[in-house]
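Residue numbering for the sequence shown follows this note's numbering, beginning at 73 and increasing consecutively. Ideal Cβ placement from N, Cα and C applies to all residues, glycine included. What follows is a set of notes on a single structure, which appears directly below.
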Amino acid sequence: MTSAFLLFLLYIPVIYGTASNSLSDCNAVAAKFDTTCGGIAASSVTAMTGVNVTCSSGFTSTTCPGTYSGSVCVFSHKLCVTCSGSSPVTIRVQSNGLPRYCPNVPVTLVGTTIDFTVNFNPDVNINSPVHNPSSASALYGIVCNISSQMTVPSVSNFVLNSGSASVSTLAGVSIDGVSIENVNSANNVDPFYPPDVTLTERVDACLGHPNFQSVYHYHMASGCAVNRPSGSISSCTGTTACNTNVSNYGISLFNNNRNLTVIGVAKDGHVIYGPYYSSGSEAAEQGLHMDDSRFGFIIMDTNEALFGVLHGNVRDVTMKFSVNLPKKRRHGGASSIRFARLRIEKRRNYIRKVSETAVQCFITDDKVNVDGIILANVADFNSELHQTDVFDPRIQAKILQQVTIIYGGEIGFNQAIELASETLGNIKFIQGNKILSQYFDEVCKDSGQYCCGLEDTLKKLEIGDIETLIIWENFDVTRYILRNNQTEEMKTLYLRSNQEKEKSYFQDKDTGMELEQVEQIRLVDWFVNNYKKFGIKLEIVTDKSQEGSQFVHGFDGIGDDDSYGFFLD
73 MTSAFLLFLL YIPVIYGTAS NSLSDCNAVA AKFDTTCGGI AASSVTAMTG VNVTCSSGFT
133 STTCPGTYSG SVCVFSHKLC VTCSGSSPVT IRVQSNGLPR YCPNVPVTLV GTTIDFTVNF
193 NPDVNINSPV HNPSSASALY GIVCNISSQM TVPSVSNFVL NSGSASVSTL AGVSIDGVSI
253 ENVNSANNVD PFYPPDVTLT ERVDACLGHP NFQSVYHYHM ASGCAVNRPS GSISSCTGTT
313 ACNTNVSNYG ISLFNNNRNL TVIGVAKDGH VIYGPYYSSG SEAAEQGLHM DDSRFGFIIM
373 DTNEALFGVL HGNVRDVTMK FSVNLPKKRR HGGASSIRFA RLRIEKRRNY IRKVSETAVQ
433 CFITDDKVNV DGIILANVAD FNSELHQTDV FDPRIQAKIL QQVTIIYGGE IGFNQAIELA
493 SETLGNIKFI QGNKILSQYF DEVCKDSGQY CCGLEDTLKK LEIGDIETLI IWENFDVTRY
553 ILRNNQTEEM KTLYLRSNQE KEKSYFQDKD TGMELEQVEQ IRLVDWFVNN YKKFGIKLEI
613 VTDKSQEGSQ FVHGFDGIGD DDSYGFFLD
């Protein structure tokens with residue numbers, strides 16, 4: 073579901089039990105907003121002082137949200153963000169919803185009245201969510217339903233001030249005063265990647281557009297809020313990079329802000345950040361890279377058994393069946409002994425069926441089809457499952473960890489994934505180190521079967537001379553496709569972050585004319601999207617191990633040994 077990706081651009085980087093919510097923290101965030109009130113809350117948005125925005129094109133007398141005269145539209149941008157109190161600190165957001173630039177809207181645009189007060193960055197209890205889905209379908213029903221995201225947690229102490237318009241679908245307010253709406257459209261679908269039967273919603277080059285009430289808003293992080301455009305902007309369809317891939321384009325708008333950047337405040341009082349960490353690495357990339365690892369899960373409780381697979385970040389239920397096990401009897405006598413025998417026999421039959429079903433799910437052509445198996449059961453089965461002859465030897469050899477869960481079914485599946493997360497992470501960690509060790513062996517042999525540098529590796533990739541491509545997760549190269557609009561010539565560039573600042577790369581060498589940017593994407597992400605087209609395997613490694621650190625810091629860039637390709641920064 074692509075909505076999840078767009079939503080994560082509006083993420084809270086780390087959720088702690090206790091947040092940074094002092095008055096000074098609040099004032100520092102408020103200072104990031106393009107306010108017009110001088111730091112003092114207004115009695116109302118209507119009474120607030122504003123800044124005039126003059127647009128010489130793009131509006132008509134019927135679409136202008138202000139005064140229209142001589143083909144010029146003038147409207148007022150009003151925004152005030154103030155902090156007060158001590159325990160708790162509150163933040164008040166007041167806005168008329170209009171940006172401080174000229175949007176591209178072919179329909180009527182009007183101002184609104186947003187005025188709410190909420191606890192700033194309130195402490196949260198991640199064990200007490202507003203919604204608590206117990207199945208994948210229930211989760212989709214929440215995430216993909218605009219009405220399910222109208223509630224604000226009580227800890228936020230959200231107050232809609234007098235005179236404010238409805239903010240039921242509001243996710244937050246951007247630092248330029250524009251509404252950040254629910255990640256879904258009014259049709260309960262992703263506005264940018266809807267099902268085939270639904271039309272993609274049209275936005276301008278700042279990724280904004282008016283809703284049914286003619287109020288301008290964003291559905292995802294907009295770099296225009298941070299780097300305000302001047303003059304008239306085009307539509308997304310009129311901007312090649314945006315029309316080609318709106319997600320990549322949205323991230324590219326933050327190229328000059330590759331750090332932890334405040335872009336707004338959410339309706340629950342938490343700070344909204346842009347798509348980059350303080351380190352300059354892209355937050356959205358975490359968890360989105362393709363991962364070919366498949367882990368099987370066996371979930372057992374006294375009511376049902378569930379078999380599932382975790383593939384990257386996607387979990388699938390392969391099979392499940394119910395069971396009706398008799399409970400222990402409290403009364404004694406001969407009948408209780410007979411009942412106990414029946415109870416033990418039914419438990420054995422249940423465990424035997426679980427073992428047989430595990431073979432059906434996780435063995436194909438006499439080989440285990442997953443990289444490891446997590447056995448998760450309620451405590452009642454611990455003693456029986458600790459025996460080594462319960463499962464087929466091939467299954468038993470792949471069991472990485474046994475965890476004790478409280479619930480069965482899909483809730484237990486989720487709990488098992490969480491309990492086994494460290495083990496699964498270590499497996500990937502070890503796999504990465506093993507690959508790097510193989511590479512270092514080739515270097516030590518001085519076999520001459522490896523190449524150095526990005527250019528040589530790309531050449532080998534083109535001729536099909538690589539089977540497995542290894543790249544550091546934070547490899548600092550971006551892939552650009554540029555077009556010369558006079559000659560229609562296209563060219564591809566691979567630039568490091570320091571090279572991206574040089575204008576000469578984006579100009580025609582002979583005429584000095586600026587080239588149109590058709591596509592921009594981090595090379596790591598491009599490989600994630602395209603490695604299967606080359607018929608190769610892709611391994612993304614970290615620098616957190618000794619081998620990984622040596623790989624990153626000890627070499628400039630290395631290629632292949634006829635079967636491996638290597639990149640690092």
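Can you tell me which residues form a DSSP beta bridge with residue i?
{"i": "SER141", "result": "VAL144"}
{"i": "PHE367", "result": "LEU382, GLY444"}
{"i": "ALA451", "result": "Answer by DSSP bridge pairing: none, since ALA451 is not bridged."}
{"i": "ILE612", "result": "ILE543"}
{"i": "ASP276", "result": "SER307"}
{"i": "PHE192", "result": "DSSP output for PHE192 lists no bridge partner at all."}
{"i": "LYS533", "result": "According to the sequence displayed, residue 533 carries Leu and not Lys. DSSP, once it has assigned bridges, lists no residue as partnering LEU533."}
{"i": "ASP597", "result": "Paired residues: none, contrary to the question."}
{"i": "GLN579", "result": "GLU586"}
{"i": "ILE214", "result": "Paired residues: none, contrary to the question."}
{"i": "CYS155", "result": "ILE163"}
{"i": "PHE393", "result": "ALA377"}
{"i": "HIS291", "result": "According to DSSP, HIS291 bridges with nothing at all."}
{"i": "VAL239", "result": "Note: VAL239 sits in no beta bridge, so no partner."}
{"i": "THR564", "result": "ILE553"}
{"i": "ALA338", "result": "GLY244"}
{"i": "VAL123", "result": "HIS149"}
Going by other Cβ atoms of all chains shown within 10 Å of its Cβ, with 16 needed for buried, is residue i buried or exposed?
{"i": "ASN176", "result": "buried"}
{"i": "VAL123", "result": "exposed"}
{"i": "MET120", "result": "buried"}
{"i": "ALA356", "result": "Because ALA356 sits at a pLDDT of 48, beneath the cut-off of 50, its placement in the model cannot be relied upon, and the following sentence gives the value as read from the coordinates. The residue is buried, with at least 16 neighbouring Cβ atoms inside 10 Å."}
{"i": "SER96", "result": "exposed"}
{"i": "THR309", "result": "exposed"}
{"i": "TYR577", "result": "exposed"}
{"i": "VAL144", "result": "exposed"}
{"i": "LYS581", "result": "exposed"}
{"i": "PRO398", "result": "exposed"}
{"i": "SER621", "result": "exposed"}
{"i": "GLY244", "result": "buried"}
{"i": "VAL179", "result": "exposed"}
{"i": "ASN217", "result": "exposed"}
{"i": "LEU414", "result": "exposed"}
{"i": "MET292", "result": "buried"}
{"i": "VAL224", "result": "buried"}
{"i": "ILE538", "result": "buried"}
{"i": "PHE264", "result": "buried"}
{"i": "SER350", "result": "exposed"}
{"i": "THR132", "result": "exposed"}
{"i": "SER455", "result": "exposed"}
{"i": "GLY584", "result": "exposed"}
{"i": "LYS470", "result": "buried"}
{"i": "ARG424", "result": "exposed"}
{"i": "PHE393", "result": "exposed"}
{"i": "GLN166", "result": "buried"}
If I'm right that residue i touches residue j with Cβ under 8 Å, what's the distance once you round it to whole angstroms?
{"i": "ALA488", "j": "ILE446", "result": "6 Å"}
{"i": "THR184", "j": "ALA237", "result": "5 Å"}
{"i": "PHE230", "j": "ASP340", "result": "7 Å"}
{"i": "VAL389", "j": "GLY368", "result": "About 12 Å; that fails the 8 Å criterion."}
{"i": "ALA277", "j": "SER302", "result": "Not confirmed; about 13 Å, so no contact."}
{"i": "VAL596", "j": "ILE542", "result": "No, VAL596 and ILE542 are not in contact; Cβ-Cβ is about 11 Å, not under 8 Å."}
{"i": "GLY249", "j": "HIS149", "result": "6 Å"}
{"i": "VAL440", "j": "ARG366", "result": "That pair is no contact at about 10 Å."}
{"i": "CYS155", "j": "ASN233", "result": "About 15 Å separates the two Cβ atoms, so there is no contact after all."}
{"i": "GLU572", "j": "THR550", "result": "6 Å"}
{"i": "ASN283", "j": "ALA258", "result": "7 Å"}
Whose C-beta lies closer than 7 Å to the C-beta of residue i among residues of the same chain, with five residues either side of it excluded?
{"i": "PHE105", "result": "LEU151, VAL153, ILE247"}
{"i": "LEU565", "result": "TYR552, LEU554, TYR577"}
Got a sec? Which residues, its chain only, sit under 8 Å from residue i by beta carbon, not counting five neighbours each side?
{"i": "ILE477", "result": "ILE371, ASP373, ALA448, ASN449, VAL450, GLY484, GLN487, ALA488, LEU491"}
{"i": "ASN299", "result": "LEU325, ASN328, ASN329"}
{"i": "TYR348", "result": "PHE326, ASN329, ARG330, ASN331, LEU332, THR333, GLU354, ALA355"}
{"i": "GLY110", "result": "THR121"}
Could you name the residues of the same chain whose beta carbon sits closer than 6 Å to that of residue i, not counting the 5 residues immediately before and after it, in chain order?
{"i": "SER128", "result": "VAL144"}
{"i": "ASN417", "result": "Note on identity: in this sequence residue 417 is Glu, with Asn being the wrong assignment. Answer for GLU417: no residue qualifies."}
Any beta-carbon of chain D closer than 8 Å to the one on residue i?
{"i": "ASP340", "result": "No chain D is part of this structure, which consists of one protein chain only."}
Open item on the list: Count Cβ pairs between the stretch 309-319 and the stretch 183-196 that sit closer than 8 Å; are there 3 or more?
Closed with: no
Open item on the list: Three or more C-beta pairs under 8 Å: does that hold for the stretch 259-278 against the stretch 137-149?
Closed with: no
Open item on the list: I'd like to know if the stretch 252-267 and the stretch 151-170 are in contact, where contact means that at least 3 CB-CB pairs between them fall below 8 Å.
Closed with: no
Open item on the list: With a threshold of 8 Å, are at least 3 pairs of Cβ atoms found where one atom belongs to the stretch 331-341 and the other to the stretch 409-428?
Closed with: no
Task: Any 3 or more C-beta pairs closer than 8 Å across the stretch 545-554 and the stretch 584-603 - done: yes
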